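To start, the structure under review is shown below, and the notes come after it.
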Amino acid sequence: MEIIQCDETYLCEVASIFDEYRVFCGQSSDIAGTEIFLRDLLCTQASTLLIAVEPKERQVMGFVNLYPCFSSLTLKRLWILNDLGVSSRFRGAGVSKALLRAALDFAKETKAIRVEFKTEKNNRRARQLYQSLGFEIDQGNIYYRVPC
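Numbered by UniProt numbering, the letters in the sequence shown go through residues 1 to 148 in order.
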């Protein structure tokens, strides 16, 4: 598989997989809204969307979506790994691991100090994958949120 940055060429395919991911996470399907959202991210360069592409037929296998962020204390960039999704057709083929490795390589290339993300506590399979790649649970911070 090849990992590349997403562009307009792959937008429809990525939107379909992204919508599948959203449904998996408990949201209602909205392919049109998903495509608009992703197009906006691409056009404004608000995130970096890396995709895994199957080499023979050039099908999109999965994606990882990274948002830039900055640490005021260290004066450095970091990346928020916000979304990771793999097409149901390609699950179990190592796509998630390849995308995560590519995300880490991208973070290093951009001189980021770290990659952060959150996952559900009961998502054991994903947590095992993350830990196998060196991700650690942040024991030093408590995260708060408030709906707006």
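C-beta atoms are modelled at their ideal positions from N, C-alpha and C, and glycine is treated no differently.
Since this is a predicted model, take the numbers as computed values, not measurements.
Item to check | Start-to-end residues for the beta strand (DSSP E) that takes in L78 | outcome: K76 to V86
Next on the checklist: Check whether the stretch 25-37 and the stretch 65-82 touch, using three or more Cβ-Cβ pairs below 8 Å as the test.
Outcome noted: no
Item to check | CB-CB length for A107 against V115, believed under 8 Å | outcome: 5 Å
Next on the checklist: Measuring only the C-alpha atoms, how far is G26 from G140?
Outcome noted: 29 Å
Item to check | Where C148 sits in the DSSP three-state scheme | outcome: coil
Next on the checklist: Suppose the cutoff is 7 Å on Cβ atoms and the five residues either side in sequence are ignored; what does the same chain contact list for A126 look like?
Outcome noted: T119
Next on the checklist: Assuming the contact rule is C-beta atoms closer than 8 Å, K97 and L50 should be a hit. Round their C-beta distance to whole Å, please.
Outcome noted: Contact doesn't hold; Cβ gap of about 13 Å is too wide.
Checklist entry - L78 to A103, Cα distance in whole Å? => result 12 Å
Next on the checklist: I'd like the list of long-range same chain contacts for T44, defined as Cβ closer than 6 Å, with 5 residues on each side in sequence excluded.
Outcome noted: none
Next on the checklist: Would L81 and F24 qualify as a contact pair, given that the criterion is a beta-carbon distance under 8 Å?
Outcome noted: no
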